[in-house]
Amino acid sequence: AVLVAGEDALDQYFMNHPGQLFGRPAEAAVVNPANPNVLGAHLGCAAHEQPLVPNDMEFFGEEIEERVADLVGEGDLRVRGGKLYWARRTPPAPAIDIRTAGGPAFTILDADGEIIGNVDEGRVFSQAHPGAVYLHQGDGYVVEDLDIERRVVVARKGEVGYYTQPQEETWVGVVGTVEAGRVGRFPHRHGRVEVEHQVVAYKRKSIRDGSNLGYESLDLPARRYTTEALWFEVPDDLIEEAGVDGKALPGTLHAAEHTSIAMLPIFAICDRWDVGGLSTPFHPDAGGAVWFIYDGYPGGAGIAPVGWAAGERHLHATLEALRTCPCKSGCPSCVQSPKCGNFNEPLDKVGARRLLEVGLG
(Lines of atoms letter the chains of each structure in order from A and count residues from 1; the text may use other names and numbers.)
(Lines give C-alpha, C1' and ligand atoms only; values in the text may rest on other atoms or scores of the structure.)
Protein backbone atom coordinates (compact mmCIF):
# COMPACT_ATOMS: atom_id res chain seq x y z
CA ALA A 1 0.00 0.00 0.00
CA VAL A 2 1.30 3.43 -0.92
CA LEU A 3 -0.03 6.74 0.41
CA VAL A 4 0.74 9.74 -1.77
CA ALA A 5 0.21 12.70 0.53
CA GLY A 6 -1.30 16.02 -0.47
CA GLU A 7 -0.23 19.36 0.93
CA ASP A 8 -3.17 19.63 3.33
CA ALA A 9 -2.64 19.54 7.08
CA LEU A 10 -4.16 16.09 7.66
CA ASP A 11 -2.00 14.34 5.05
CA GLN A 12 1.12 16.08 6.33
CA TYR A 13 0.26 15.09 9.91
CA PHE A 14 0.43 11.44 8.84
CA MET A 15 3.69 12.05 6.98
CA ASN A 16 5.19 13.30 10.27
CA HIS A 17 3.46 10.59 12.37
CA PRO A 18 3.34 7.49 10.12
CA GLY A 19 2.72 5.19 13.06
CA GLN A 20 -0.66 6.88 13.53
CA LEU A 21 -1.93 5.34 10.29
CA PHE A 22 -1.96 1.82 11.75
CA GLY A 23 -1.25 2.25 15.45
CA ARG A 24 -4.27 4.29 16.46
CA PRO A 25 -7.90 3.16 16.84
CA ALA A 26 -10.14 3.60 13.81
CA GLU A 27 -11.96 6.90 13.76
CA ALA A 28 -15.60 6.87 14.92
CA ALA A 29 -18.42 6.54 12.43
CA VAL A 30 -20.87 9.36 13.07
CA VAL A 31 -24.64 9.18 12.89
CA ASN A 32 -27.38 11.35 14.34
CA PRO A 33 -30.79 9.65 14.09
CA ALA A 34 -32.26 12.41 16.30
CA ASN A 35 -31.60 15.04 13.60
CA PRO A 36 -35.13 16.51 13.24
CA ASN A 37 -34.93 16.67 9.44
CA VAL A 38 -33.78 13.05 9.14
CA LEU A 39 -36.20 11.81 11.81
CA GLY A 40 -39.14 13.56 10.13
CA ALA A 41 -38.31 11.86 6.83
CA HIS A 42 -38.04 8.47 8.55
CA LEU A 43 -41.40 8.92 10.29
CA GLY A 44 -43.17 9.95 7.09
CA CYS A 45 -41.84 6.97 5.14
CA ALA A 46 -42.64 4.56 7.97
CA ALA A 47 -46.20 5.87 8.36
CA HIS A 48 -46.76 5.58 4.62
CA GLU A 49 -45.82 1.89 4.73
CA GLN A 50 -47.61 1.03 7.99
CA PRO A 51 -49.45 3.27 10.50
CA LEU A 52 -47.34 4.24 13.51
CA VAL A 53 -48.39 3.16 17.01
CA PRO A 54 -47.17 4.31 20.48
CA ASN A 55 -44.85 1.32 20.86
CA ASP A 56 -42.85 2.51 17.85
CA MET A 57 -41.04 4.92 20.16
CA GLU A 58 -38.59 2.10 20.95
CA PHE A 59 -37.43 2.21 17.32
CA PHE A 60 -37.32 5.99 16.82
CA GLY A 61 -36.40 7.27 20.30
CA GLU A 62 -37.95 9.77 22.65
CA GLU A 63 -37.58 12.59 20.11
CA ILE A 64 -40.51 11.07 18.19
CA GLU A 65 -43.13 12.90 20.29
CA GLU A 66 -42.03 16.43 19.42
CA ARG A 67 -41.38 15.58 15.77
CA VAL A 68 -44.74 13.81 15.37
CA ALA A 69 -46.52 16.90 16.70
CA ASP A 70 -44.74 19.01 14.09
CA LEU A 71 -45.63 16.62 11.26
CA VAL A 72 -49.29 16.53 12.30
CA GLY A 73 -49.35 20.33 12.44
CA GLU A 74 -47.76 20.54 8.98
CA GLY A 75 -50.39 18.19 7.55
CA ASP A 76 -48.00 15.32 6.76
CA LEU A 77 -49.48 12.91 9.35
CA ARG A 78 -53.02 12.45 10.68
CA VAL A 79 -54.30 10.67 13.79
CA ARG A 80 -57.06 8.08 13.52
CA GLY A 81 -57.97 5.37 16.02
CA GLY A 82 -54.83 5.97 18.09
CA LYS A 83 -52.57 5.45 15.06
CA LEU A 84 -50.63 7.83 12.83
CA TYR A 85 -51.21 7.68 9.06
CA TRP A 86 -49.47 9.39 6.15
CA ALA A 87 -51.89 12.21 5.26
CA ARG A 88 -50.88 13.23 1.75
CA ARG A 89 -51.77 11.68 -1.59
CA THR A 90 -48.20 11.51 -2.87
CA PRO A 91 -45.72 9.17 -1.12
CA PRO A 92 -42.93 10.86 0.84
CA ALA A 93 -39.89 8.93 -0.41
CA PRO A 94 -39.44 10.49 -3.90
CA ALA A 95 -39.07 13.98 -2.37
CA ILE A 96 -36.32 12.93 0.08
CA ASP A 97 -32.65 13.42 -0.79
CA ILE A 98 -30.69 10.59 0.85
CA ARG A 99 -27.41 12.57 0.58
CA THR A 100 -28.38 15.65 2.59
CA ALA A 101 -30.87 16.84 5.20
CA GLY A 102 -30.85 20.40 3.86
CA GLY A 103 -33.74 20.07 1.41
CA PRO A 104 -33.95 19.26 -2.30
CA ALA A 105 -30.75 19.82 -4.27
CA PHE A 106 -30.30 22.57 -6.86
CA THR A 107 -30.16 21.34 -10.48
CA ILE A 108 -27.33 22.68 -12.64
CA LEU A 109 -28.20 23.16 -16.33
CA ASP A 110 -25.99 24.11 -19.25
CA ALA A 111 -26.96 26.74 -21.81
CA ASP A 112 -28.90 24.12 -23.80
CA GLY A 113 -30.97 23.06 -20.80
CA GLU A 114 -29.13 19.77 -20.29
CA ILE A 115 -28.57 18.65 -16.69
CA ILE A 116 -24.87 18.57 -15.83
CA GLY A 117 -25.07 18.07 -12.08
CA ASN A 118 -26.60 18.87 -8.72
CA VAL A 119 -25.45 20.83 -5.70
CA ASP A 120 -27.01 20.79 -2.23
CA GLU A 121 -28.42 23.85 -0.51
CA GLY A 122 -25.51 24.08 1.91
CA ARG A 123 -22.99 24.65 -0.89
CA VAL A 124 -24.94 26.27 -3.71
CA PHE A 125 -24.24 29.88 -2.68
CA SER A 126 -20.49 29.28 -2.30
CA GLN A 127 -19.96 26.99 -5.30
CA ALA A 128 -22.65 28.05 -7.79
CA HIS A 129 -23.30 31.75 -7.20
CA PRO A 130 -23.61 34.02 -10.25
CA GLY A 131 -20.13 34.42 -11.74
CA ALA A 132 -18.71 31.29 -10.08
CA VAL A 133 -16.57 28.86 -12.06
CA TYR A 134 -18.11 25.40 -11.65
CA LEU A 135 -16.11 22.31 -12.62
CA HIS A 136 -17.86 19.23 -14.01
CA GLN A 137 -15.98 16.17 -15.29
CA GLY A 138 -12.91 18.28 -16.05
CA ASP A 139 -14.81 21.00 -17.93
CA GLY A 140 -15.24 24.56 -16.67
CA TYR A 141 -18.61 26.31 -16.55
CA VAL A 142 -19.35 29.93 -15.60
CA VAL A 143 -22.59 30.33 -13.65
CA GLU A 144 -24.89 32.82 -15.37
CA ASP A 145 -28.02 32.56 -13.24
CA LEU A 146 -29.11 31.20 -9.86
CA ASP A 147 -32.88 30.81 -9.52
CA ILE A 148 -33.46 30.19 -5.82
CA GLU A 149 -37.22 29.74 -6.11
CA ARG A 150 -36.99 27.09 -8.84
CA ARG A 151 -33.75 25.68 -7.35
CA VAL A 152 -32.01 25.86 -10.72
CA VAL A 153 -28.49 26.99 -11.67
CA VAL A 154 -27.69 27.89 -15.30
CA ALA A 155 -24.02 27.70 -16.34
CA ARG A 156 -22.21 28.33 -19.64
CA LYS A 157 -19.36 26.04 -20.68
CA GLY A 158 -16.08 27.76 -21.42
CA GLU A 159 -12.41 28.04 -20.46
CA VAL A 160 -11.82 31.35 -18.71
CA GLY A 161 -8.30 31.04 -17.26
CA TYR A 162 -9.35 31.78 -13.70
CA TYR A 163 -11.11 30.23 -10.73
CA THR A 164 -13.40 31.87 -8.18
CA GLN A 165 -13.13 32.06 -4.39
CA PRO A 166 -16.16 33.15 -2.32
CA GLN A 167 -16.07 35.53 0.62
CA GLU A 168 -18.41 34.47 3.41
CA GLU A 169 -19.66 35.98 6.66
CA THR A 170 -20.63 33.62 9.49
CA TRP A 171 -22.07 34.06 12.95
CA VAL A 172 -22.68 31.35 15.56
CA GLY A 173 -25.00 31.83 18.51
CA VAL A 174 -25.16 29.36 21.40
CA VAL A 175 -28.65 27.90 21.91
CA GLY A 176 -27.71 25.63 24.81
CA THR A 177 -24.76 23.75 26.32
CA VAL A 178 -25.06 19.94 26.49
CA GLU A 179 -21.64 19.05 27.95
CA ALA A 180 -18.89 21.10 29.58
CA GLY A 181 -15.34 20.33 30.65
CA ARG A 182 -11.76 21.49 30.27
CA VAL A 183 -8.83 20.59 28.05
CA GLY A 184 -5.74 21.90 29.80
CA ARG A 185 -6.59 25.51 30.54
CA PHE A 186 -9.22 25.76 27.81
CA PRO A 187 -12.89 25.58 28.88
CA HIS A 188 -14.39 23.06 26.46
CA ARG A 189 -18.07 22.92 25.46
CA HIS A 190 -20.48 20.91 23.32
CA GLY A 191 -24.00 22.09 22.58
CA ARG A 192 -26.62 23.38 20.18
CA VAL A 193 -25.92 26.49 18.12
CA GLU A 194 -27.66 28.60 15.52
CA VAL A 195 -25.54 29.36 12.46
CA GLU A 196 -26.08 32.30 10.11
CA HIS A 197 -24.02 32.08 6.94
CA GLN A 198 -23.94 34.45 3.97
CA VAL A 199 -21.81 34.63 0.81
CA VAL A 200 -21.22 38.35 0.23
CA ALA A 201 -18.63 38.50 -2.59
CA TYR A 202 -16.08 36.55 -4.59
CA LYS A 203 -12.61 36.92 -6.09
CA ARG A 204 -11.48 35.85 -9.55
CA LYS A 205 -7.95 34.39 -9.33
CA SER A 206 -5.61 33.45 -12.16
CA ILE A 207 -5.07 29.72 -12.69
CA ARG A 208 -1.54 30.46 -13.94
CA ASP A 209 -0.13 32.33 -10.94
CA GLY A 210 -2.95 32.80 -8.41
CA SER A 211 -3.00 36.58 -8.83
CA ASN A 212 -6.19 38.48 -8.06
CA LEU A 213 -8.09 39.40 -11.26
CA GLY A 214 -11.13 41.05 -9.69
CA TYR A 215 -13.52 41.31 -6.78
CA GLU A 216 -17.31 41.23 -7.17
CA SER A 217 -20.00 41.82 -4.55
CA LEU A 218 -22.99 39.48 -4.32
CA ASP A 219 -26.53 39.98 -3.05
CA LEU A 220 -27.54 36.55 -1.79
CA PRO A 221 -29.79 35.59 1.12
CA ALA A 222 -28.35 34.39 4.41
CA ARG A 223 -28.70 30.72 5.32
CA ARG A 224 -29.75 30.00 8.90
CA TYR A 225 -29.99 26.67 10.65
CA THR A 226 -29.60 25.03 14.04
CA THR A 227 -26.93 22.39 14.47
CA GLU A 228 -24.41 20.95 16.95
CA ALA A 229 -21.00 22.40 17.78
CA LEU A 230 -17.99 22.10 20.03
CA TRP A 231 -16.00 25.11 21.13
CA PHE A 232 -12.86 26.08 23.02
CA GLU A 233 -12.94 29.19 25.17
CA VAL A 234 -9.69 31.09 25.73
CA PRO A 235 -9.29 32.88 29.10
CA ASP A 236 -7.69 36.33 29.20
CA ASP A 237 -4.91 35.21 31.54
CA LEU A 238 -3.92 32.44 29.11
CA ILE A 239 -3.76 34.92 26.22
CA GLU A 240 -1.57 37.23 28.30
CA GLU A 241 0.74 34.44 29.46
CA ALA A 242 1.15 33.19 25.87
CA GLY A 243 2.31 36.66 24.86
CA VAL A 244 -0.47 37.18 22.30
CA ASP A 245 -1.36 40.86 22.04
CA GLY A 246 -4.63 42.34 20.82
CA LYS A 247 -3.34 42.82 17.28
CA ALA A 248 -2.23 39.19 16.96
CA LEU A 249 -5.24 37.62 18.71
CA PRO A 250 -7.64 37.38 15.70
CA GLY A 251 -5.02 35.63 13.55
CA THR A 252 -3.98 33.38 16.45
CA LEU A 253 -7.52 32.15 17.05
CA HIS A 254 -8.18 31.83 13.30
CA ALA A 255 -5.08 29.66 12.84
CA ALA A 256 -6.02 27.44 15.81
CA GLU A 257 -9.52 27.07 14.38
CA HIS A 258 -8.29 26.06 10.92
CA THR A 259 -5.77 23.50 12.16
CA SER A 260 -8.16 21.95 14.67
CA ILE A 261 -10.76 21.56 11.91
CA ALA A 262 -8.13 19.91 9.70
CA MET A 263 -7.29 17.42 12.51
CA LEU A 264 -10.89 16.49 13.33
CA PRO A 265 -11.09 13.66 10.72
CA ILE A 266 -8.51 11.75 12.78
CA PHE A 267 -11.25 11.14 15.34
CA ALA A 268 -14.49 11.13 13.33
CA ILE A 269 -15.30 9.90 9.82
CA CYS A 270 -15.71 13.26 8.10
CA ASP A 271 -13.66 15.82 6.25
CA ARG A 272 -13.26 19.55 6.70
CA TRP A 273 -16.05 20.20 4.17
CA ASP A 274 -18.52 18.56 6.58
CA VAL A 275 -17.89 21.14 9.31
CA GLY A 276 -17.59 24.89 9.64
CA GLY A 277 -15.81 27.16 12.04
CA LEU A 278 -15.81 30.60 13.61
CA SER A 279 -13.20 32.32 15.78
CA THR A 280 -13.51 35.68 17.47
CA PRO A 281 -11.61 37.64 20.16
CA PHE A 282 -14.92 38.27 21.94
CA HIS A 283 -18.17 36.34 21.79
CA PRO A 284 -21.08 37.41 24.03
CA ASP A 285 -22.15 33.82 24.71
CA ALA A 286 -18.63 32.83 25.78
CA GLY A 287 -17.76 36.08 27.53
CA GLY A 288 -14.40 36.27 25.78
CA ALA A 289 -12.23 34.75 23.07
CA VAL A 290 -13.42 31.47 21.54
CA TRP A 291 -13.32 29.29 18.47
CA PHE A 292 -16.23 27.08 17.32
CA ILE A 293 -16.35 23.96 15.16
CA TYR A 294 -19.89 23.13 14.05
CA ASP A 295 -21.59 20.44 11.98
CA GLY A 296 -22.30 21.90 8.55
CA TYR A 297 -25.70 20.19 8.28
CA PRO A 298 -29.04 21.37 9.70
CA GLY A 299 -29.82 19.44 12.87
CA GLY A 300 -26.27 18.11 13.16
CA ALA A 301 -24.61 15.02 11.72
CA GLY A 302 -23.13 13.60 14.94
CA ILE A 303 -19.61 14.97 14.34
CA ALA A 304 -19.51 17.51 17.18
CA PRO A 305 -20.17 15.02 20.04
CA VAL A 306 -17.35 12.77 18.80
CA GLY A 307 -15.02 15.74 18.47
CA TRP A 308 -15.89 16.92 21.97
CA ALA A 309 -15.18 13.47 23.45
CA ALA A 310 -11.75 13.51 21.76
CA GLY A 311 -11.01 16.99 23.13
CA GLU A 312 -7.57 16.45 24.67
CA ARG A 313 -6.31 14.20 21.87
CA HIS A 314 -7.79 16.62 19.35
CA LEU A 315 -5.92 19.67 20.70
CA HIS A 316 -2.64 17.75 21.11
CA ALA A 317 -2.89 16.64 17.45
CA THR A 318 -3.54 20.27 16.49
CA LEU A 319 -0.42 21.40 18.35
CA GLU A 320 1.66 18.62 16.75
CA ALA A 321 0.54 19.71 13.27
CA LEU A 322 1.68 23.26 14.05
CA ARG A 323 4.98 22.11 15.55
CA THR A 324 6.01 19.69 12.81
CA CYS A 325 5.19 21.81 9.77
CA PRO A 326 8.52 23.33 8.64
CA CYS A 327 7.07 26.60 7.32
CA LYS A 328 7.66 29.80 9.27
CA SER A 329 4.45 31.78 8.99
CA GLY A 330 1.76 29.33 7.83
CA CYS A 331 0.94 27.33 4.72
CA PRO A 332 -1.69 24.87 3.35
CA SER A 333 -0.01 22.08 5.34
CA CYS A 334 -0.84 23.66 8.70
CA VAL A 335 -3.04 26.75 9.07
CA GLN A 336 -4.38 27.65 5.62
CA SER A 337 -7.73 26.18 4.54
CA PRO A 338 -9.11 25.84 1.00
CA LYS A 339 -12.63 26.56 2.28
CA CYS A 340 -11.90 29.68 4.34
CA GLY A 341 -14.51 32.36 3.69
CA ASN A 342 -12.09 35.14 4.69
CA PHE A 343 -9.39 34.33 2.10
CA ASN A 344 -7.18 32.90 4.91
CA GLU A 345 -6.74 36.30 6.52
CA PRO A 346 -5.60 36.94 9.20
CA LEU A 347 -3.58 33.87 10.27
CA ASP A 348 -0.88 33.75 12.94
CA LYS A 349 0.75 30.33 13.11
CA VAL A 350 3.34 31.38 15.71
CA GLY A 351 0.64 32.77 18.01
CA ALA A 352 -1.55 29.66 17.67
CA ARG A 353 1.36 27.37 18.50
CA ARG A 354 2.32 29.46 21.53
CA LEU A 355 -1.28 29.62 22.75
CA LEU A 356 -1.69 25.84 22.56
CA GLU A 357 1.71 25.14 24.15
CA VAL A 358 0.89 27.31 27.16
CA GLY A 359 -2.75 26.17 27.32
CA LEU A 360 -1.85 22.47 27.22
CA GLY A 361 1.10 22.83 29.57
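Counted the way the working numbering counts, the sequence shown spans residues 212 to 572. Just so you know, even glycine gets a beta-carbon here, dropped at the ideal spot from N, CA and C.
Beta-bridge partners of T388 (DSSP): G402. For K368, the enclosing beta strand (DSSP E) begins and ends at 363-368.
With a cut-off of 8 Å on Cβ pairs, the segment 504-521 is in contact with the segment 432-446, counting three or more such pairs. The segment 396-412 and the segment 354-365 do not touch, with fewer than 3 CB-CB distances between them shorter than 8 Å. For D219, there is no enclosing alpha helix (DSSP H), as DSSP marks it with neither H nor E.
Counting of Cβ neighbours within 10 angstroms places V249 among the buried residues, the total reaching 16 or more.
The Cβ atoms of L558 and A466 lie closer than 8 Å to each other.
Relative to the Cα of I418, the nearest Cα in the group E370, N243, P461 belongs to E370. Straight through space, the alpha carbons of A298 and V290 are spaced by roughly 9 Å.
The segment 467-486 makes contact with the segment 525-535, as at least three CB pairs between them are under 8 Å. In the three-state reduction of the DSSP assignment, I275 falls in the helix class, which pools H, G and I.
If you look at L530, you'll find it in the alpha helix (DSSP H) that goes 522-535. Between A220 and C545, the C-beta gap is smaller than 8 Å, which places the two residues in contact. According to the DSSP assignment, I450 belongs to no beta strand (DSSP E) but to the alpha helix (DSSP H) extending over 447-452.
Counted as a single uninterrupted DSSP element, the stretch harbouring T491 is not any alpha helix (DSSP H) but the beta strand (DSSP E) occupying residues 486-494. Going by DSSP, F317 is part of the beta strand (DSSP E) stretching over 317-320. Counting C-beta pairs closer than 8 Å gives fewer than three between the segment 443-452 and the segment 419-435, which falls short of the contact rule. Note on D448: under 16 other CB atoms within 10 angstroms of its CB, so exposed under the neighbour-count rule.
The segment 477-485 makes contact with the segment 231-239, as at least three CB pairs between them are under 8 Å. Here the alpha carbon of G392 sits roughly 45 Å from the alpha carbon of I319. With contacts defined by Cβ atoms closer than 8 Å, V455 and L566 form a contacting pair. With contacts defined by Cβ atoms closer than 8 Å, T437 and V386 form a contacting pair. Distances from the CA of R334 to each of G351, A316, I327 were compared; the closest alpha carbon is that of A316.
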